[in-house]
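Trainee:
Chains as they are written, first to last, in the numbering used here: chain A, 126 to 378; chain B, 72 to 180.
In structure tokens, the structure reads:
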């Protein structure tokens, strides 16, 4: 819809956490169309492990119709660190974004120090069940994992529950900034009415004291960098960071 | 000498299947501002409704320019208007009504 959508100088926005009910095709399509209408250029949807490829193809086609770039995402919800390592070994090369839903401290710590994890997600509303503290941030700063913050609970919660969540998010973002852990702000939307424009997401991030440049990066530069880095790694021409095949076979002569 | 109060005009789009009246809309915005910033914070916003088009679900509001980001955040937290599921998006913002209307013209699909 915006006139200068294809302007390369314009900031590109990404939402790495849309959560439509994938069995409801209409709802999925309406969420994707809404993302395009709101000004996003790239979206990611967590795929079910059992039918990853088929859903990825359908979603990529729906995104293409709406002139959106689609990134495949897997949400790992392991119960133990051993289970997390097994899942990472199995699925890392199958998805462009790997997020770990940290429901225990053991899993959170393992996820933070593993280079194969892109996003650390803490779904709990209760501050005592959120494990992003200084130790976690120190581990995450030495790997590449970013802290993912979903906006949806801020919209759905009211009163004391939202106050507690805002206080916890404020603490977590301050720690992340101190330890240079990148922050990604996503919608976590399950319906189009839970989706917000990128500038509105950045304004909501100010509620937990994220300054405007960091908030804008959290909905644009940081998620785009994660997807770009992983696409390079998953490319068949990738050898090692900084090394890729540019020609092979008869082309080399 | 007292500095002149600068204002921002915000064009809003109401995303709802139902028709939303202007009182319902302003009640929802005031409610969101009050919940987030309290009466003291709300008193600084200088919020006022300028225009409302129920047919097109569009509205223009005015706010103090220093409070624009707060208003943006508060409006983003709206999930229902008069107990009807809804979202309110800011289409564009400007320092004058004339410029805002020009910007709105260019946004039309």
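Yeah, the Cβ is synthetic: ideal placement off N, Cα and C, and Gly gets one too.
Report the rounded CA-to-CA distance for residue 164 of chain B versus residue 176 of chain B, giving the unit in angstroms.
Mentor: Approximately 13 Å between the Cα atoms of the pair.
Trainee: If you draw a straight line from the alpha carbon of residue 172 of chain A to that of residue 142 of chain A, how long is it in whole angstroms?
Mentor: Taking the straight line joining both Cα atoms gives about 11 Å.
Trainee: So what's residue 347 of chain A in DSSP terms, helix, strand or just coil?
Mentor: Residue 347 of chain A: helix per DSSP, three-state reduction.
Trainee: In three-state terms, what does DSSP make of residue 268 of chain A?
Mentor: DSSP places residue 268 of chain A in coil when its eight states are reduced to three.
Trainee: How about residue 322 of chain A: is its C-beta nearer than 8 Å to some C-beta of chain B?
Mentor: For residue 322 of chain A, the answer is yes, since a Cβ of chain B falls inside 8 Å of its Cβ.
Trainee: Give me the residue from B:173, B:162 and B:172 with the minimum Cα distance to residue 163 of chain A.
Mentor: Closest option to residue 163 of chain A, Cα to Cα, is B:162.
Trainee: Taking Cβ to Cβ, would you say residue 228 of chain A is nearer than 8 Å to residue 206 of chain A?
Mentor: Contact: no.
Trainee: How many Å lie between residue 313 of chain A and residue 126 of chain B at the Cα?
Mentor: Straight-line Cα distance between these residues: approximately 31 Å.
Trainee: Verify whether the separation of the beta carbon atoms of residue 271 of chain A and residue 347 of chain A is less than 8 Å.
Mentor: Cβ atoms of residue 271 of chain A and residue 347 of chain A: closer than 8 Å.
Trainee: Give me the subset of the segment 157 to 170 of chain B whose CB atoms are less than 8 Å from a CB atom of chain A, sorted by chain position.
Mentor: The segment 157 to 170 of chain B vs chain A, Cβ under 8 Å: 157, 158, 160 and 161.
Trainee: Answer with buried or exposed for residue 128 of chain A, where buried requires no fewer than 16 other C-beta atoms within 10 angstroms of its C-beta.
Mentor: Unreliable placement is indicated for residue 128 of chain A, whose pLDDT of 48 sits below 50; the coordinate value is still reported in the next sentence. Exposed is the call here.
Trainee: Any idea if residue 92 of chain A is buried or exposed, counting beta-carbon neighbours within 10 angstroms, 16 or more meaning buried?
Mentor: This structure leaves residue 92 of chain A out entirely; chain A is present only between 126 and 378.
Trainee: Go to residue 234 of chain A, then tell me how far its alpha helix (DSSP H) extends in each direction, as first and last residue.
Mentor: Residues 230 to 238.
Trainee: Terminal residues of the continuous beta strand (DSSP E) containing residue 223 of chain A?
Mentor: First-last of the beta strand (DSSP E) with residue 223 of chain A: 222 to 226.
Trainee: Shorter than 8 Å from the beta carbon of residue 292 of chain A to some beta carbon of chain D?
Mentor: Protein chains in the displayed structure are A and B, and chain D is not among them.
Trainee: Starting from the C-beta of residue 111 of chain B, find all residues in its chain whose C-beta is less than 6 Å away, skip the five residues before and the five after it, and write them out in chain order.
Mentor: Closer than 6 Å at Cβ, skipping near neighbours: no residue.
Trainee: Could you check whether residue 81 of chain B and residue 134 of chain B sit closer than 8 Å to each other, using their CB atoms as the reference points?
Mentor: A contact, by the Cβ cut-off of 8 Å.
Trainee: Leaving out five residues on either side along the sequence, give the residues of the same chain with a beta carbon under 6 Å from the beta carbon of residue 335 of chain A.
Mentor: Here the set comprises 298.
Trainee: Under a Cβ-count criterion, where at least 16 other Cβ atoms within 10 Å of its own Cβ denotes burial, should residue 371 of chain A be classed as buried or exposed?
Mentor: Looking at its Cβ environment, which holds fewer than 16 other Cβ atoms inside 10 Å, residue 371 of chain A is exposed.
Trainee: So, is residue 368 of chain A buried or exposed, given that buried needs 16 or more other C-beta atoms within 10 angstroms?
Mentor: Under this definition residue 368 of chain A is an exposed residue.
Trainee: For the putative contact between residue 247 of chain A and residue 291 of chain A, defined by C-beta atoms under 8 Å, what is the C-beta separation to the nearest angstrom?
Mentor: Going by Cβ atoms, the distance from residue 247 of chain A to residue 291 of chain A rounds to 14 Å, so no, they are not a contact pair.
Trainee: Please return the same chain residues whose Cβ sits closer than 8 Å to the Cβ of residue 250 of chain A, not counting the five positions on each side in sequence.
Mentor: Same-chain partners within the cutoff: 278, 282, 286, 289 and 290.
Trainee: According to the neighbour-count rule (16 or more other Cβ atoms, all chains shown, within 10 Å of its Cβ), is residue 141 of chain B buried or exposed?
Mentor: Looking at its Cβ environment, which holds 16 or more other Cβ atoms inside 10 Å, residue 141 of chain B is buried.
Trainee: For chain B, is any of its Cβ atoms less than 8 Å away from the one on residue 237 of chain A?
Mentor: Closer than 8 Å: no.
Trainee: So what does DSSP say about residue 289 of chain A, is it helix, strand or coil?
Mentor: It is helical.
Trainee: Since residue 137 of chain A and residue 349 of chain A are thought to touch, with beta carbons under 8 Å apart, how far apart are those beta carbons, to the nearest angstrom?
Mentor: Right, the Cβ-Cβ distance comes to about 6 Å (below 8 Å), so this counts as a contact.
Trainee: Could you tell me which residues DSSP puts in a beta bridge with residue 369 of chain A?
Mentor: The partner list for residue 369 of chain A (beta bridge, DSSP) reads A:363.
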